[in-house]
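What follows is a set of notes on a single structure, which appears directly below.
Numbering (the numbering used here), first residue to last: 5 to 104.
Shown next, in the form of structure tokens:
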């Protein structure tokens, strides 16, 4: 995908955002029903899968290149979310933790 000189943290982060934006383009301005219909079209679904693969490539390359354990990172992040959004206060709400 990218030559090795473009595998620094900045360029990999740019890659994640660029590819995520390309994924978003498939759904921009669509209703939820239209988006679900789009995913039932095999050709369009393959295009979306390609964009997801691109996003995942950049994420995995970033973690590989900079020795990040995503399993630990996700576990740690979930614990932070549970602390910010205790179920008894946040269930059924979309408010930010500072508003609970």
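By construction, the Cβ of each residue, glycine as well, lies at the ideal position given by its N, Cα and C atoms.
Contact set for residue i: own chain, Cβ-Cβ below 8 Å, skip 5 residues either direction
i	result
residue 26	55, 58
residue 34	42
Residue i to residue j span [Cα, whole Å]
i	j	result
residue 62	residue 81	20 Å
residue 18	residue 76	23 Å
residue 21	residue 72	19 Å
residue 92	residue 85	13 Å
residue 64	residue 103	34 Å
Local conformation of residue i per DSSP, three classes
i	result
residue 100	coil
residue 72	coil
residue 94	helix
residue 34	coil
residue 19	helix
residue 44	coil
Residues of its chain near residue i, where Cβ-Cβ distance is below 6 Å and the 5 sequence neighbours each way are ignored
i	result
residue 89	101
residue 74	67
residue 39	31
I want to know whether the stretch 29 to 49 touches the stretch 62 to 77 - three or more CB-CB distances under 8 Å. Not touching, per the Cβ criterion.
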